[in-house]
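Just so you know, we're using the working numbering here: the sequence shown kicks off at 15 and counts up by one.
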Amino acid sequence: MANVTLGRTGIVVEQNGFGALPIQRVGFEEAGKLLNRALDGGMNLIDTARAYSDSEEKIGRAIAHRRREYTLATKTGATTPEGFRHDLDTSLRLLKTDHIDIYQFHCAGQCYRPGDGTGIYECMLEAKRQGKILHIAATAHKIGIAEEMVDSGLYECMQFPFSYLAGERDIALVERCKRQDVGFIAMKGLSGGLINNSRAACAFIAQYANVAAIWGVQRDWELEEFLSYISNPPAMTADIRALIDHDRQELSGDFCRGCGYCMPCPQGIQINNCARMSQMIRRAPSADWLTPEWQERMLRIESCLRCGKCMKHCPYGLKIPDLLQKNLADYKRILAGEEKV
């Protein structure tokens, strides 16, 4: 069992935590089983967000009676003091708790500071004085914003995408957090589903003693895989290193991580899957990707207006219309039998 201290928060958690975004997709009973099994198996970091529809409510119903057993992290996407207070009070009510351990600005588009005119950081300070939150934190997808937040000294914990596909600057952010005594929570450790070897993913994370990862699960067998790594941590073997090197070469360059911040599309294009279909259809081969329903979804790409709305919201600065067209052309070749997957 590997424990991680989340920087100057002083909070100690098991390195493998529970990401509660996917439990939106299952019922209350199934979510409750997963959450209780996660705690029973040794996970003690639960991460959710106000934006994750009924995720907070499911957590509150299922494990509020075990509140002392886990560190609770949630998020607000509010941009006004009124929205902030509403989100926080709603989260506390649904989670059935009197405090949130780590409260995060969700997908922060700037480094909020006292006196910046938004009043948002002041809301964090107010909530901390009231005891509603214990530690001020943020999540970010843009590396520059994450770096600024870490350097500001205003944030006790940073959540950022981190997997074995991470670049040098991402790895440097982890080291930056270590130097600044800022906790680091890794999201998207499976890179939106493009990484399909959980043992390799965990072996990579295990190399960083200051990183706690949250794994999004919605099925029993997925959870059991990650729980098994608590008692039997995977080592960075030569075979795993070779697999990582292969994946890094195959997935180098611009690719969609499937975060979904680009949506909704005015033309109804399911960008977060359509823009990475080439990778998904090869890395997770399934006849389901070729059904009439998915063919119809992919063909919607032809109606793209190139309005640029998606690009404005993409945390990774991708040229999404071009990426969609490339994936559609590749998909048509596969449908025509020019390539087998």
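Heads up, the beta-carbon is just placed ideally off N, CA and C, and yes, glycines get one too.
No experiment lies behind these values; they were computed from the predicted model shown.
Neighbourhood of residue i by C-beta, 7 Å cutoff - its chain only, sequence neighbours within 5 removed
i: H100; result: none
i: R51; result: L237
i: A34; result: I60, D61, T62, Y66, S69, I73
i: E162; result: C125
Residue i: first and last residue of the uninterrupted beta strand (DSSP E) it sits in
i: P175; result: 171-175
i: T90; result: 85-90
i: N341; result: Element bounds for N341: not the beta strand (DSSP E) but the alpha helix (DSSP H), 334-349.
i: I60; result: 59-61
i: V26; result: 26-28
i: F269; result: Element bounds for F269: n/a, residue is neither H nor E.
i: M201; result: 197-201
i: G230; result: 225-230
Outcome for residue i when other beta-carbon atoms lying within 10 angstroms are tallied against a minimum of 16
i: Q293; result: buried
i: T251; result: exposed
i: E71; result: buried
i: G41; result: exposed
i: I185; result: exposed
i: H149; result: buried
i: D103; result: exposed
i: S105; result: buried
i: R271; result: buried
i: G145; result: exposed
i: A223; result: exposed
CA-to-CA distance, residue j to residue i, given in whole angstroms
i: R82; j: F32; result: 16 Å
i: A63; j: S317; result: 33 Å
i: A141; j: L342; result: 48 Å
i: R75; j: L109; result: 7 Å
i: G8; j: A122; result: Residue 8 is absent from the model: the chain starts at 15 and stops at 355.
i: P280; j: A289; result: 16 Å
i: G322; j: P335; result: 8 Å
i: C216; j: W235; result: 16 Å
i: I147; j: W303; result: 43 Å
i: S212; j: E310; result: 31 Å
i: R297; j: D165; result: 37 Å
i: A180; j: Q194; result: 20 Å
i: L332; j: S205; result: 15 Å
i: C191; j: A249; result: 24 Å
i: A220; j: P247; result: 8 Å
i: H79; j: T111; result: 9 Å
i: S214; j: I295; result: The displayed chain sequence assigns Ala, not Ser, to residue 214. Rounded to whole angstroms, A214 to I295 spans 20 Å at the Cα level.
i: D259; j: D253; result: 10 Å
Boundaries (first-last residue) of the alpha helix (DSSP H) holding residue i
i: L48; result: 42-54
i: Q281; result: Element bounds for Q281: n/a, residue is neither H nor E.
i: T19; result: That residue, T19, is in no alpha helix (DSSP H); its beta strand (DSSP E) goes 17-19.
i: P95; result: 95-109
i: D302; result: Counting along the chain, D302 falls outside any alpha helix (DSSP H), and DSSP gives it neither H nor E.
i: Q124; result: No alpha helix (DSSP H) holds Q124; DSSP gives it neither H nor E.
i: E189; result: 182-194
Residues near residue i in its chain [Cβ-Cβ closer than 6 Å; skip 5 each side]
i: G56; result: E28, I244
i: M277; result: I285
i: L241; result: G55
Heavy atom of the ligand FAD within 8 Å of residue i beta-carbon
i: I147; result: This structure lacks the ligand FAD, and indeed carries no ligand of any kind.
DSSP beta-bridge partners of residue i
i: A331; result: Going by the sequence as given, residue 331 is Gly instead of Ala. DSSP lists no partner for G331.
i: H149; result: I116
i: W308; result: Answer is none; W308 lacks a bridge partner.
i: G31; result: I228
Same chain only: Cβ atoms within 8 Å of residue i, ignoring 5 sequence neighbours per side
i: N17; result: V26, V27, E28, Q29
i: R262; result: Y178, L179
Interface flag, residue i vs chain D, CB-CB below 9 Å
i: V18; result: No chain D appears in this structure, which consists of one protein chain only.
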